[in-house]
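**Student:** Dropping the structure in here first, questions after.
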Amino acid sequence: MARVLSGIQPSGDLHLGNYFGAVRNWVQDQDVADAYFCIVDLHALTLSIDPEVLRRQTLDAACVLLAAGLDPQRCTLFVQSHVPAHQQLTWLLECTATMGELRRMTQFKDKGGGQESVRVGLFTYPVLMAADILLYDADQVPVGDDQRQHLELTREIAGRFNHRYGETFTIPSATIPKVGARVMDLQAPERKMSKSSGSPLGTVGIMDPPAEIIRKVKKAVTDTDGIVAWDPAGKPGVTNLLSLLGAATGQDPTTLAEDYQRYGDLKGAVSEALIEALAPLQARYAELQADLSGVIDILRAGSDQASSVASSTYLRAADAVGLLRP
Ligand code: AQP
15 MARVLSGIQP SGDLHLGNYF GAVRNWVQDQ DVADAYFCIV DLHALTLSID PEVLRRQTLD
75 AACVLLAAGL DPQRCTLFVQ SHVPAHQQLT WLLECTATMG ELRRMTQFKD KGGGQESVRV
135 GLFTYPVLMA ADILLYDADQ VPVGDDQRQH LELTREIAGR FNHRYGETFT IPSATIPKVG
195 ARVMDLQAPE RKMSKSSGSP LGTVGIMDPP AEIIRKVKKA VTDTDGIVAW DPAGKPGVTN
255 LLSLLGAATG QDPTTLAEDY QRYGDLKGAV SEALIEALAP LQARYAELQA DLSGVIDILR
315 AGSDQASSVA SSTYLRAADA VGLLRP
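Each number in the numbering used here corresponds to the 1-based position in the sequence shown with 14 added.
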């Protein structure tokens, strides 16, 4: 069975991009792979975040993931900071990656490149992500399109480490979904929907109530020519709405345009499909919120399981570079 690993930052309310680009596919992965899913709280420290908010959002992310269908009987769900090997391996990999490689990462440039006050952790974030993946000997990493470059870097670092110190890590591949890989901000459809850098009106949360979904979709930016067509370059707003409709209904988004004459009708269909797709998750989420101690138990068991795998990979890497065992 292939090993799958993926993660999500508790840096804000999870949104449709996180769901269609990643989480929904994780739910399917549980049945066909040995799956590990991680709430990457250390990554959330790369940008400013209130400590209490981080704690609350970490537990909340666990509730959303379980509500979406992750099942602790079929996957390992854990919190990154509960497994110390992530930080230990990061150092070994930071001594393998180069400044030039990290400087080329577009997410760093987008989020803070060029500012002297930017946190060092934002710069080295892709190395921590490489450690997250390599610790579990993951064969596949299901991610949205925005993480493609970080995955390439992970492969580079792992290959270099193996070349320098002998076969230590499995080289992982990215699995990018065909539909929903890049959900765009409804207010700025040239930018991806994002927890931390998106516009509030352009970001639809997985737990947004129906009225909120209708309001945000109704206000989504389109264009002035009034023609419903699939045209990513020329009509990014309309294409994003078609893409969301396809992701929510399981239909091919490129052919959906034929069914709609007016933007208002398309928006109505998008809202309806999103509300229907999210309703079961929202109901399960409410149940989980009523039993948070059960969620904490799941995370504890998950981190025990994850630690047993991660600590042995770390030891392998530490031996390879020549660290003396305690
Ligand atoms: N807009 C998106 N479309 C498709 N997939 C997306 N993902 C994120 N945004 C989109 C995928 O969701 C998974 C978890 O992402 P993350 O929490 O690790 O952080 P991110 O990629 O940086 O996403 P955000 O929402 O923009 O978070 P912040 O604002 O904290 O940086 C990943 O698989 C990602 O590809």
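In this text, a Cβ means the ideal position worked out from N, Cα and C, and glycines have one as well.
Span of the beta strand (DSSP E) holding L91?
**Tutor:** C89 to V93
**Student:** Below 8 Å, how does it come out for the stretch 63–77 and the stretch 273–287: are there three or more Cβ pairs, yes or no?
**Tutor:** No, because fewer than three Cβ pairs between the stretch 63–77 and the stretch 273–287 fall closer than 8 Å, the two stretches do not touch.
**Student:** When you measure from the CB of H29 to every non-hydrogen atom of the ligand AQP, does any distance come out below 7 Å?
**Tutor:** yes
**Student:** So, I313 versus L91, is the Cβ gap smaller than 8 Å?
**Tutor:** The residue you asked about is not Ile; residue 313 is Leu in the sequence shown. Yes.
**Student:** Would DSSP call M207 helix, strand or coil?
**Tutor:** coil
**Student:** If you draw a straight line from the alpha carbon of D305 to that of Q87, how long is it in whole angstroms?
**Tutor:** 18 Å
**Student:** So what does DSSP say about P140, is it helix, strand or coil?
**Tutor:** helix
**Student:** Tell me the rounded alpha-carbon separation between A293 and Y277.
**Tutor:** Whole-angstrom Cα-Cα distance: 24 Å.
**Student:** With 16 as the cutoff for other CB atoms within 10 Å, does K123 come out buried or exposed?
**Tutor:** exposed
**Student:** On the three-state DSSP scale, how would you describe L68?
**Tutor:** Three-state result, L68: helix.
**Student:** Buried or exposed for G26, going by 16 or more other Cβ atoms inside 10 Å?
**Tutor:** buried
**Student:** Three-state secondary structure (DSSP) at V54?
**Tutor:** coil
**Student:** What residue from G83, L73 and L84 has the CA that sits closest to V93's CA?
**Tutor:** L73
**Student:** Once DSSP output is grouped into helix, strand and coil, what is the label at Q250?
**Tutor:** Inspection of the sequence shows that residue 250 is occupied by Pro rather than by Gln. DSSP places P250 in helix when its eight states are reduced to three.
**Student:** Pick helix, strand or coil for T269, following the three-state DSSP scheme.
**Tutor:** Of the three classes helix, strand and coil, the one that applies to T269 here is coil, per DSSP.
**Student:** Between which two residues does the alpha helix (DSSP H) containing G282 stretch?
**Tutor:** Y277 to Q303
**Student:** Enumerate in chain order the residues of its own chain whose CB-to-CB distance from K209 is below 6 Å, with the five nearest sequence positions on each side excluded.
**Tutor:** Excluding residues within five positions, the ones whose Cβ falls inside 6 Å are S25 and G26.
**Student:** Is N3 near the ligand AQP, with its Cβ less than 7 Å from a heavy atom?
**Tutor:** In the structure as shown, the chain starts at 15 and stops at 340, and residue 3 therefore has no counterpart that could be examined.
**Student:** Who are the Cβ neighbours of A16 in its own chain at under 6 Å, not counting the five residues just before and after it?
**Tutor:** A47, D153 and Q154
**Student:** So V193 packs on P267, CB below 8 Å; how close in whole Å?
**Tutor:** 6 Å
**Student:** Given this structure, state the Cα-to-Cα distance separating D159 from P203, to the nearest angstrom.
**Tutor:** 15 Å
**Student:** Measure the C-alpha to C-alpha separation of V309 and G31 and round it to an integer number of angstroms.
**Tutor:** 24 Å
**Student:** Would the C-beta of I22 count as close to the ligand AQP, meaning under 7 Å from any of its heavy atoms?
**Tutor:** Within the cutoff, so yes.
**Student:** Is R17 helix, strand or coil when you go by DSSP?
**Tutor:** strand
**Student:** What does the alpha-carbon distance come out to for the pair R70 and D55?
**Tutor:** 11 Å
**Student:** Near T253, which residues of its chain fall below 7 Å by C-beta distance, leaving aside the five closest residues on each side in sequence?
**Tutor:** W244, D245 and P246
**Student:** Enumerate, from N- to C-terminal direction, the unbroken beta strand (DSSP E) stretches of 3 or more residues contained entirely within the stretch 120–183.
**Tutor:** Segments of the beta strand (DSSP E) lying fully in the stretch 120–183: 154–156.
**Student:** M221 bridges to which residues according to DSSP?
**Tutor:** M221 pairs with nothing; no bridge assigned.
**Student:** Please classify M198: is it buried, with 16 or more other beta-carbons within 10 angstroms of its beta-carbon, or exposed?
**Tutor:** buried
**Student:** Given that a residue counts as buried once 16 or more other Cβ atoms are within 10 Å of its Cβ, and exposed if not, what is P186?
**Tutor:** Classification of P186: buried, given that the 10 Å Cβ count is 16 or more.
**Student:** Does DSSP classify A320 as helix, strand or coil?
**Tutor:** helix
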